[in-house]
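One structure below.
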Amino acid sequence: MDRSSTVVAFSISDSLFAVEVQNVREILASRQPRRLPNAPKHLLGLIDVRGEAVALVDLRILLGEPPNEDVDARILILTVPDTAGAHLVALRVDRVIAVTMLDNDGQLTSVAEAEMLDWDQRIVVGVGRHEGDLVFLLALSALFDPAMMASLRLAGGARGMAAPCNAVSAN
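Mapping of the sequence shown onto UniProt numbering: position 33 corresponds to residue 33, and the numbering continues sequentially without gaps.
As structure tokens, then:
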């Protein structure tokens with residue numbers, strides 16, 4: 001599958017992920033959210049973004065990784081499309097690596113063995129590379145679908161879905 005769009009690449013634990021840059025409104029330093037009562041663990045609360053209350057989701061927790069209180073974490077303010085239009089969502093990530101093109105002109109491959117391996121790949125558009133390391137391009141509509149979030153919670157996250165990478169530099 002071919003894609004030539006620019007992405008924002010970021011890390012969670014020792015794995016690289018990316019989202020298409022047109023879905024990123026801004027990148028913020030980490031900040032303390034206001035907790036919501038009875039919220040699931042991945043929903044950290046609400047943050048104020050230019051006068052607008054935006055839900056903050058910790059991607060580490062959603063993917064089954066342990067929480068990390070790293071002060072260098074970043075928050076991606078995302079525009080997530082859905083059937084009703086688009087919504088703003090804040091996504092907490094460990095590090096933003098780069099705003100870049102993926103290697104090989106953005107070429108992505110699917111994980112053909114996903115079904116055989118009993119891995120739900122709906123949250124991943126495809127697998128590309130950045131400076132030789134594997135990068136998982138996230139499907140935001142699927143990732144933030146309420147049914148998908150519930151299934152990730154029940155399964156303990158998508159633990160083990162990503163291969164390790166060597167990228168550790170932050171912007």
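Ideal Cβ positions, reconstructed from N, Cα and C, are used throughout, including at glycine.
Assigned with DSSP and collapsed to three states, Leu108 falls in coil, not helix or strand. Nearest neighbour of Leu134 by Cα position, chosen from Leu102, Pro81, Ala142, Leu28, turns out to be Leu102. One Cα belongs to Leu143, the other to Arg122, and the distance between them is close to 8 Å. As computed with DSSP, His87 is found in a beta bridge with Val80. Rounded to whole angstroms, the gap between the alpha carbons of Glu65 and Ala29 is 21 Å.
Around the C-beta of Leu36, fewer than 16 other C-beta atoms lie within 10 Å, and the residue is accordingly described as exposed. In the DSSP assignment, Ile47 falls outside any alpha helix (DSSP H) and lies within the beta strand (DSSP E) extending over 43-49.
Apart from sequence neighbours up to five positions away, the residues of its chain that approach Leu46 with a beta-carbon distance below 8 Å are Pro33, Arg34, Leu36, Ala53, Val54, Ala55, Leu56, ordered along the chain. In the DSSP assignment, Ala55 falls within the beta strand (DSSP E) that extends over 52-58.
Between Ser141 and Asp48, the beta carbon gap of about 25 Å keeps them out of contact (Cβ cut-off 8 Å).
Taking the C-beta atoms as reference points, Leu108 is found no nearer than 9 Å to Phe10. With respect to the 9 Å criterion, Arg95 and Arg60 are not classified as neighbours on the basis of their beta carbons. Non-local C-beta neighbours of Val71 in its own chain, meaning closer than 8 Å and more than five positions away in sequence, comprise Ser30, ordered along the chain. Looking at Gly132, Asp145, Asp105, Ala147, the one whose alpha-carbon comes closest to that of Leu16 is Gly132. In the DSSP assignment, Leu137 falls within the beta strand (DSSP E) that extends over 133-138. In this structure, the straight-line span from the alpha carbon of Asp14 to that of Leu138 is close to 16 Å.
The beta carbon of Ser110 is closer than 8 Å to those of Met1, Gln121, Gly126, Val127 in its chain, skipping five residues each way along the sequence.
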